[in-house]
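Note sheet for the following structure.
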Amino acid sequence: MKAVFVTEFGGIEKLRYEEIATPAAGEGQALVKIDYTGVNFIDIYFRTGLYPAPPPVVLGMEAAGVVEAVGPGVESVKPGDRVAYAMARGSYAEYAAVPAWQLVKVPAQVGLDLAAASMLQGMTAHYLTHSTYPLHPGEICLVHAAAGGAGQWTVAAAKIRGAQVIGTVSTAAKAETALAAGCDHVINYAETDFAAEVKRITEGRGVDVVYDSVGAATWEKSLDSLRPRGMMVTFGNASGPVPPFPPLTLSQKGSLFVTRPTLAHYTSKREELEWRASEVLNWVQGGLFSPQIFKVYPLAEAGAAHDALAARLTSGKLLLQP
Ligand code: NDP
Numbered sequence: 000m001k002a003v004f005v006t007e008f009g010g011i012e013k014l015r016y017e018e019i020a021t022p023a024a025g026e027g028q029a030l031v032k033i034d035y036t037g038v039n040f041i042d043i044y045f046r047t048g049l050y051p052a053p054p055p056v057v058l059g060m061e062a063a064g065v066v067e068a069v070g071p072g073v074e075s076v077k078p079g080d081r082v083a084y085a086m087a088r089g090s091y092a093e094y095a096a097v098p099a100w101q102l103v104k105v106p107a108q109v110g111l112d113l114a115a116a117s118m119l120q121g122m123t124a125h126y127l128t129h130s131t132y133p134l135h136p137g138e139i140c141l142v143h144a145a146a147g148g149a150g151q152w153t154v155a156a157a158k159i160r161g162a163q164v165i166g167t168v169s170t171a172a173k174a175e176t177a178l179a180a181g182c183d184h185v186i187n188y189a190e191t192d193f194a195a196e197v198k199r200i201t202e203g204r205g206v207d208v209v210y211d212s213v214g215a216a217t218w219e220k221s222l223d224s225l226r227p228r229g230m231m232v233t234f235g236n237a238s239g240p241v242p243p244f245p246p247l248t249l250s251q252k253g254s255l256f257v258t259r260p261t262l263a264h265y266t267s268k269r270e271e272l273e274w275r276a277s278e279v280l281n282w283v284q285g286g287l288f289s290p291q292i293f294k295v296y297p298l299a300e301a302g303a304a305h306d307a308l309a310a311r312l313t314s315g316k317l318l319l320q321p
């Protein structure tokens with residue numbers, strides 16, 4: 000089968016699109032023939048080595064497709080089932096052998112492209128807004144990169160929780176996209192001091208929670224945007240990882256809470272994974288939110304997708320098609 004992998008870490012020139020052996024479904028695994036694979040920023044981190052993994056690394060953490068075969072002990076899915084998953088590496092390929100417990104069945108009414116666009120970023124938005132800091136009606140949150148993949152989903156999930164949402168974006172076009180995703184207020188943080196603007200919108204109070212996928216560039220001002228005892232959820236590094244900081248800062252800025260979560264720890268049990276995935280797919284099926292598919296690239300052009308994502312040229316979801 001064809002796959003995209005790296006044997007050395009670095010830029011997109013290190014990506015290899017080549018023939019490798021098709022995996023077999025081992026004990027507890029299902030072999031999935033992939034229709035669409037999701038592109039996520041985390042794929043760039045595995046390509047560059049920011050998130051270390053022993054090479055060769057077949058990239059990709061998310062896909063939707065059809066079960067081709069199952070290994071010993073698998074009863075939850077069978078050949079022919081339409082399935083989707085996230086957080087199992089190796090989806091930049093025609094086939095992937097995936098632990099069967101990580102697969103969810105895709106409702107017949109949901110296209111496999113939308114399913115692939117929902118699993119990683121949708122379940123992330125779900126855990127951020129339902130578990131890490133469970134939003135309540137009347138609360139107000141700040142979502143950075145609100146037109147991005149995780150961003151649009153987080154805005155939508157926060158609105159479903161009944162909260163008010165302030166989104167940040169870097170261009171006027173992305174501001175339109177963020178408003179369409181459900182933001183109540185949008186700030187262009189390339190032009191405006193977003194912490195000052197948040198304070199103005201909240202009449203000096205600050206937000207209850209910041210969902211920050213941007214990292215280094217927004218860290219300081221995100222803390223300044225919080226109400227006393229608010230929660231800083233730093234869940235990504237699009238601009239680079241947050242540097243070390245003295246805990247005393249949290250006291251000085253209002254007895255703040257900080258957490259650095261990852262989806263893996265919020266979907267580590269089947270029950271929790273099923274809860275998040277079914278709610279997210281129900282939102283899509285019921286029309287509460289439909290992820291914007293920005294562009295579908297052929298698998299061979301994974302490098303172009305990475306470049307566009309890293310250069311801030313995209314909004315919504317990028318998919319690859321084997
Ligand atoms: P996005 O679609 O959000 O793309 C990244 C966006 O970040 C850009 O479009 C851009 O929006 C903004 N950005 C700000 N500064 C930079 C910069 N210097 N370089 C590039 N982009 C920048 O990507 P994803 O939704 O795939 O992921 C966003 C982040 O969230 C990643 O760090 C990812 O790892 C993380 N993430 C973490 C998860 C977790 O569980 N911890 C799960 C899912 C994602 P703008 O132009 O508007 O500023």
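Per numbering that gives the first Met the number 0, residue 0 is the first one in the sequence shown, and the count goes up by one each step. The beta-carbon is built from N, C-alpha and C at its ideal position, and this holds for glycine as well.
Please confirm whether any heavy atom of ligand 1 lies closer than 6 angstroms to the CB of residue 261. yes
Since I believe residue 177 is in contact with residue 145 (beta carbons under 8 angstroms), could you give me their beta-carbon distance rounded to a whole number of angstroms? Correct: roughly 4 angstroms between the Cβ atoms.
Identify every run of the beta strand (DSSP E) within the segment 127–188, keeping only runs that are complete inside it and at least 3 residues long; order them along the chain. Counting whole runs of 3 or more residues, the segment 127–188 contains the beta strand (DSSP E) stretches 139–142, 163–168, 184–187.
Is residue 153 a contact residue of ligand 1, with contact defined as CB to any heavy atom under 6 angstroms? no
Below 8 angstroms, how does it come out for the segment 111–120 and the segment 313–320: are there three or more Cβ pairs, yes or no? yes
Can you look up residue 34 in the DSSP assignment and give me helix, strand or coil? strand
For residue 124 and residue 60, what's the separation of their Cα atoms in angstroms? 16 angstroms
Roughly how many whole angstroms lie between the Cα atoms of residue 6 and residue 58? 11 angstroms
How far does the beta strand (DSSP E) with residue 91 in it extend, from its first residue to its last? Element bounds for residue 91: n/a, residue is neither H nor E.
Per the contact definition of three or more C-beta pairs closer than 8 angstroms, is the segment 278–298 in contact with the segment 248–263? Between the segment 248–263 and the segment 278–298, the count of C-beta pairs closer than 8 angstroms stays below three; the two stretches do not touch.
Between the Cα of residue 97 and those of 247, 26, 315, spot the shortest distance and give me the residue it belongs to. 26
Simplified DSSP state of residue 207, which is helix, strand or coil: strand
Could you compute how far the alpha carbon of residue 265 sits from the alpha carbon of residue 126? Computed Cα separation, rounded: 7 angstroms.
Per-residue DSSP class, three states only, for residue 81: strand
Looking only at C-alpha atoms, which of 250, 15, 93, 13 sits nearest to residue 30? 93
Between which two residues does the beta strand (DSSP E) containing residue 18 stretch? 15–18
Start and end residues, alpha helix (DSSP H) containing residue 302: 301–309
Does the separation of the CB atoms of residue 221 and residue 231 fall below 7 angstroms? Result yes, Cβ atoms of residue 221 and residue 231 sit closer than 7 angstroms.
Three or more C-beta pairs closer than 8 angstroms, one from the segment 83–90 and one from the segment 286–294: is that the case here? no
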